[in-house]
Every structure is written in C-alpha cells, then in structure tokens.
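Worksheet for the structure shown next.
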Amino acid sequence: MTQTDSNTAPSETLGFQAEVKQLLHLMIHSLYSNKEIFLRELVSNASDACDKLRFQAIDNPELMQGDADLRIRVEYDADKRTVTISDNGIGLSREDAVQNLGTIARSGTKEFFAQLTGDKQKDANLIGQFGVGFYSSFIVADKVSVLSRRADASETEAVLWESDGQGEFSVTQVEKADRGTSVTLHLREEEDEFLSGWKLREILRRYSDHISLPIQMLKEEWSEEKSAQVKTTEWETVNQANALWTRAKNEITDEQYKEFYKHVSHDFEDPLAWTHNRVEGRSEYTQLLFVPKRAPFDLWDRDGRRGVKLYVKRVFIMDDADQLLPTYLRFVRGVIDSADLPLNVSREILQESRDVRSIREGSTKRILMLLEDMAENKPDDYKVFWEQFGQVLKEGAGEDVANQERIAKLLRFASTHENSANQTVSLADYVSRMKEGQDKIYYVTAESHAAASNSPHLEIFRKKGIEVLLMSDRVDEWMLSFLREFDGKSLVSIAKGGLDLEQLADEDEKKRQEEVAEQSKPLIERLQKALDGKVKEVRATARLVDSPACVVVDSNELSPHILRMLQAAGQEAPEVKPILEINPEHPLLGRVKDASDDDFGDWAQVLLDQAMLAEGAHLKDAAGFVKRLNALLLKG
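Residue 1 is where the sequence shown starts when you use the UniProt record's numbering, and the numbers rise one by one after that.
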C-alpha cells in the first residue's frame, strides 16, 4: 500500500519475495554459530559499491561530486543498540532497493530450497553455498534500515528501505546530503557483543583486512573518568587497505587467502584450493583464482554470471568477466588484475582483445595445473572436486581442443574394475590395466549407473576379464563425440554394432562361433521376417553370455541413449531402427526356434521388447508387451 500526507514523502509497504522469507527464517535460525559474518558481508557489499562507482567515474567524473576518496565506515551506538556500515559508493535508487533488497534474482533458488533438510548444521552449509549477502543482517538485527542515494541523483531523491525481516519492507523517498549507502542494524537483545569497538575491529581485521579500500572507525581512547574506552571524533583505518592479490605470496597467510575467497565469492566455506601468480611478458597481469569446495546452485546455468572479477591497475572493471575463463571452468572464483587493458574496457573490447585472449589462455592453463597437482598430490581433495564439478569439467573435452589431452587426464569414471558407482578410474588407470593385445578403451553409456553396470553388452567382457568404463552422466555422450582417443587408444562403445570381438576369442571359440552362426541362419531369417520394419537387421553375436538378445546401432549412428535425451529435451531426433543381436545358444532361443507359426511373432516381439527395456528404452506399447508375455507364459 502507499501512504502520503502533506508533510511526508510517499512511503510504500511491499512484501518480500517468498524465497526471501524462507531464507531469512533459515538464516536467523541456522547461522546462530556464525553471527559475525554479517559484518563481512555488509563490508563486501560496500566495497563492491565503491568499486562500481570508481569504474563508472572513469567516463563520468562528475559522479564523484568532489569526494574522490572512497571509503567504508563502521560505527556503533551502545545506547541506541545500533551498528551502521556506510560507504560513499554508487548508491541505490528506489528501484534498486526494491529489486536488490526484496527479491533473490538468482537462478538455482528452487534447487536450494529443495535440498534443505531441517538440520541446522546441514542447512547452514547449504546457505553458504547459496551466498549470504545482505540478508545476513537479520542474523543479529530485528530491524534493518538502509539509507541510500545514487551518485547521479539529487539530494531529494534518496531512498529509505526498512524491514523487520518478518515479511514486509517499506520504501520511502527521503533527503540525503551525500551519495552512498548506510546500513543500520538495530541489534537484538542478546547481541551485546557487537556493541564493542574492540569486537568490531577484531572481526574487520579477520574478515576484511584484504579489502583495498580503507575501512574506518572512530578512534577510541581510555577515559579515567568513565573507566572505559571513549570514542573520539577522529577516524582511523582498521584494515591494511591494499589489495591482497598485489602482496607477495610469502606475506599472505592461508587464513587471509580463505577470507579473501569468502569476500569475492560470498561463500560460507573455505575454498578447496587456490593459485596466486604474477604473469609478465606480452601481457602483464596478476591472477588469484580459487576452486570452491561445493558447487553453487546456479552451476548449470551456462549463461549465468561468472565468478572472476576483472580489475585494471587495481581499478574494478566488472564482476562477471566471462571472457577471462572458458565456460567449463565457470566454477572458478577470484580476481584478475591486468596492467595492459585500457581502463574504459568494454565487453566488445574484451571479446576482440589479443591481451584478453592471452589472459584467458594463461588462466585456463593455471587452473588445469592446479587440478593436476591436486589429482596427483591430494587425491582426497580431488575426489571432493570431482564429485562437485566433474560433469562440468567434462564439457571441456569438447569445448577446449587445445587442452583436450590435459583435460582427458583429469577425467574420472566408474568401471567394471571398481564395480561401484564411485567415479575414481582415470583413463591412465584403464590403459595401465589393459590386457595383452588389447588396443581399445571400451565403454558403455546409460541413463544410470545401475543400467550401465547391468547392461547385457558387458557379458563377454566380464567373462574375458576386460575392463569397461561405465558412463551415466548426461554430458558423457556429448563429450565422447569429441574425445575419440587417449594415449593412442581409441575409445569404443561396446553397444555399437561395429564392435570387433574376434580379438577377444581364441581359435576354438572362433570356430564354435562360426558353427553357431551357420546353424542359426534359418532362425535369423524367420526373426527378420517377423520383425520386418521394426529392426534394421537380425544377426547372431558372440557378445552375449547370459542374455538371449540385445539391441545395438551401427557405429556411425546416434546411440539409443542420446536419442532419448534429444526427445526428452523436445528436439527432433532421427528415427534409428535398432539391430537385434541374438545369442543362439541361449535356452530361450531354443523355445523361440521351436515355436509354432501362431506364437512365433509374439516370441520375436517379446525378444525385441526385452532387449529394448534392457537398454533403458520406454516401450511404445507396454500393455501389448505384458499381454504377449503373459500369453506365452501360460502356454509354457
């Protein structure tokens, strides 16, 4: 509703987005042991606001309004029970306040809430993955006031946003003499510890020492009269106020790296690994890049904002510089500071610049080196990485041809050797275990690990003790269309009809297979006739041991699995008739061979339907399959 009278500016009361209500409730009740992070988050937001102003002022200097010394100030008032974080950055308009403080404009929100369990500790970790941000204010405050004025607005166009975090917020047009934002927290009764200058300084030095802007507090001196610290009117800087990435590595502690990561990523957990380097040569730049421990909820949004901030000579340029790393490394967070790019850099320049391409190539190689080191020297950490980001890294096998070989070495799969769903087998592991005379890497794809590990195509390989990679990630089929070989060995699907199985058989077995194939010709002709128009071909195979039949496609055709994926995505998929391969020595084929003309058609269709089901297909006529099967069982 909107309220107006003759003496006040228009005030409007609005409701929070439903997801914000849920998040506020969870944060208040789940982050009870990490309350102090509110200060880190609000200072980070203030730093971002100043960075954005500094960048916009390059083309529009009047935005600085004669106040070019950007800063962040933290104050507290013990009598009023308030803590205020102020900045002289870009500021908020009314629309900014409603949009940014009343909604969560981020993909992955639905998935975030779907994974909540009700367990405070587990939910706290999930909140960390989602990002804490401004809403962390309500962990310690029962009311939050945000007074802000955009740098390009007049004194009368400021906005006052207020809320108690219960479901509504008010927005009022007010006056403010200077640009920037002040966030005032009205603390809950039990939060007295934050009404201490010493406590606030300790938190700022621990969490925000790396921020390149000065963070100021009023200096405090001891008063004999009051026997306490008393605030003066002099502002003092409480952080080092120089960009962490510009310092020498030996001057930075692991704890400082971890806190800087939380600043740039708004993550709640420590990073899994990081790399910090200064690159000199044709392009000069510094990179400080992090690999998170947990995947963010918008990981699968390929068009979403990326996690690398671009600086030029320590001046912030943009925080979604997706040109600095390829899409398959979108999980990486951090900063890149260039000494060569023009300060007025734009997206068009980013896309066309030779220097940007050099930075992209160098940063990509640095991340791959970091992952290689982790895989070799910290296998437990790499296992965590692979569980969170393995499917995304697989995209690189198709997107980054220049680094395909390096990426291939980093891939992990389940296999018949491990006989489990754990993806721990590398292609190098597989090659090291290949049988004498084996010159191919065999794999099978399916919609799930269970379907892959139970595929009838595996039977002859299990009998011969030959390892097969089990692939069930959605990206696998796409990846394999680009990744054709490794270490000189071709990757071959065991579900393709062109599979050469002769090398797996000895002379006696080859002779036996020839005899069986010759004897089964009449049965094959009969099946071919009964299934005319439904299959491309019927033929005998040596790949089956325990199953009566299976379906395959030619080596140059799309697999049934990828055809189903295309259909599920609503895309047109070409019609591919399967090849039915039979195991003539299976007892069931004896029953089919001896079936009457009246029953033979049903037997042929049941064989085909069973083989299709084993591949994970959905039968067009499931009721017909059940009816035929029941009739044949009753006649049995």
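Just so it is clear, CB atoms sit at the ideal spot from N, CA and C, and this is done for glycine as well.
Cα-Cα separation, E284 to A18: For this step, residue 284 is matched to residue 284 along the sequence shown. For this step, residue 18 is matched to residue 18 along the sequence shown. Roughly 46 Å separates the two Cα atoms.
Residues bridged to R577 [DSSP beta-bridge criterion]: Position 577 of the sequence shown, counting from 1, holds the residue named residue 577. In the sequence as displayed, the identity of residue 577 is Lys instead of Arg. The partner list for K577 (beta bridge, DSSP) is empty, contrary to what the question assumes.
Best match in K627, S559, L588 for proximity to E575 [C-alpha to C-alpha]: As a working mapping, residue 575 is identified with position 575 in the sequence shown. Looking at the Cα atoms, S559 is the closest of the given residues.
Backbone secondary structure at T156 - three-state DSSP: As a working mapping, residue 156 is identified with position 156 in the sequence shown. It is helical.
Where A397 falls, given that 16 or more other Cβ within 10 Å makes a residue buried: Taking the first residue of the sequence shown as 1, we reach residue 397 at position 397. So A397 counts as buried.
Selection from L632, E585, T156, Q391 that minimises the alpha carbon distance to S520: One-based indexing of the sequence shown puts residue 520 at position 520. Among L632, E585, T156, Q391, the Cα nearest to that of S520 is on E585.
Residues that DSSP places opposite Q229 in a beta bridge: The residue you call residue 229 lines up with position 229 of the sequence shown. Per DSSP, W222.
Boundaries (first-last residue) of the beta strand (DSSP E) holding N277: For this step, residue 277 is matched to residue 277 along the sequence shown. Start and end: 273 to 279.
8 Å Cβ cutoff met for D87 and A46: Reading the sequence shown from its first residue, position 87 is the one you call residue 87. Reading the sequence shown from its first residue, position 46 is the one you call residue 46. Yes, Cβ-Cβ distance for D87 and A46 is below 8 Å.
Three-state secondary structure (DSSP) of T327: Looking up residue 327 in the sequence shown gives position 327. In this structure, T327 counts as helix in the three-state DSSP scheme.
Length of the line joining the Cα atoms of Y382 and A375: By one-based count along the sequence shown, residue 382 stands at place 382. By one-based count along the sequence shown, residue 375 stands at place 375. Those two C-alpha atoms are separated by around 5 Å.
Reduced DSSP secondary structure (H/G/I, E/B, other) of S453: Taking the sequence shown and counting its residues from 1, the one referred to as residue 453 is at position 453. Here S453 sits in helix by DSSP.
One or two residues paired with F169 in a DSSP bridge: As a first step, residue 169 must be located in the sequence shown, where it is residue number 169. DSSP lists L14, S163 as partners of F169.
Contacting residues, own chain, Cβ-Cβ under 8 Å from Q65 (five flanking each side not counted): Numbered from its first residue, the sequence shown carries residue 65 at position 65. Within the same chain, Q65 has close Cβ partners A151, D178, R179.
Where T233 falls, given that 16 or more other Cβ within 10 Å makes a residue buried: One-based indexing of the sequence shown puts residue 233 at position 233. Classification for T233: exposed.
Among R294, Y328, L310, nearest to D301 - alpha-carbon criterion: Counted from its first residue, the sequence shown places residue 301 at position 301. D301 has its Cα closest to that of Y328, out of R294, Y328, L310.
Proximity of L324 and I359 at Cβ, strictly below 8 Å: Stepping through the sequence shown from its first residue, residue 324 is reached at position 324. Stepping through the sequence shown from its first residue, residue 359 is reached at position 359. In this structure, I359 lies closer than 8 Å to L324 by Cβ.
A408 versus W274 - alpha carbon distance: Counted from its first residue, the sequence shown places residue 408 at position 408. Counted from its first residue, the sequence shown places residue 274 at position 274. For A408 and W274, the distance between alpha carbons rounds to 21 Å.
Proximity winner among V83, R484, P10, E280, relative to V171 (alpha-carbon distances): Position 171 of the sequence shown holds residue 171. Per the Cα distances, P10.
Residue 649 burial status per 10 Å Cβ neighbour count (16 or more: buried): For the chain, the structure presents residues 1 to 636; residue 649 sits outside this window and is missing.
T82 (DSSP reduced to helix, strand or coil): For the purposes of this step, residue 82 is taken as the residue at position 82 of the sequence shown. It is a strand residue.
Of the listed residues D506, N583, R40, nearest to K262 (C-alpha basis): Here the question's residue 262 lines up with position 262 in the sequence shown. Of D506, N583, R40, the residue nearest in Cα terms is R40.
Through-space distance from H618 to L470, alpha-carbon basis: To locate residue 470, count along the sequence shown from 1; it is residue 470. To locate residue 618, count along the sequence shown from 1; it is residue 618. Approximately 21 Å, taken between the alpha carbons.
Distance between beta carbons of V392 and R330, contact taken as under 8 Å: By one-based count along the sequence shown, residue 330 stands at place 330. By one-based count along the sequence shown, residue 392 stands at place 392. Confirmed, about 7 Å.
Beta carbon of W198 nearer than 8 Å to that of Q216: The sequence position of residue 198 within the sequence shown is 198, counting from 1. The sequence position of residue 216 within the sequence shown is 216, counting from 1. Not closer than 8 Å, so no.
Beta-carbon gap between L204 and V159 smaller than 8 Å: Residue 204 sits at position 204 when you count from the first residue of the sequence shown. Residue 159 sits at position 159 when you count from the first residue of the sequence shown. For L204 and V159, no; Cβs fall outside 8 Å.
Where D380 falls: helix, strand or coil (DSSP): Sequence index remark: in the sequence shown, residue 380 carries index 380 (1-based). Helix at D380.
Contact check, I85 vs V146, beta carbons under 8 Å: The count along the sequence shown starts at 1 and reaches residue 85 at position 85. The count along the sequence shown starts at 1 and reaches residue 146 at position 146. Not in contact: I85 and V146 (Cβ atoms no closer than 8 Å).
Segment contact, 8 Å Cβ cut-off, at least three pairs: the region 509 to 518 with the region 425 to 439: no
Buried versus exposed, by CB contacts within 10 Å (16 or more), L633: Here residue 633 refers to the residue found at position 633 of the sequence shown. Flag for L633 reads exposed.
Same chain, Cβ closer than 7 Å to W386, neighbours up to 5 away in sequence not counted: Along the sequence shown, one-based indexing puts residue 386 at 386. Correct list, in chain order: R412, Q423.
Beta-carbon proximity of V140 to R188, cut-off 8 Å: To locate residue 140, count along the sequence shown from 1; it is residue 140. To locate residue 188, count along the sequence shown from 1; it is residue 188. Yes, the Cβ-Cβ distance between V140 and R188 is below 8 Å.
Other residues of its chain near L371: CB distance less than 6 Å, five sequence neighbours each side excluded: Within the sequence shown, the letter at position 371 stands for residue 371. L410, listed in sequence order.
Nearest-angstrom Cα separation, counted from K378 out to A451: Looking up residue 451 in the sequence shown gives position 451. Looking up residue 378 in the sequence shown gives position 378. Each residue's Cα considered, the two are about 31 Å apart.
contact_flag[the region 601 to 615, the region 528 to 542] where n(CB pairs < 8 Å) is 3 or more: yes
Three-way DSSP call (helix, strand, coil) for W603 in this model: Within the sequence shown, numbered from 1, the residue matching residue 603 stands at position 603. Helix, per DSSP.
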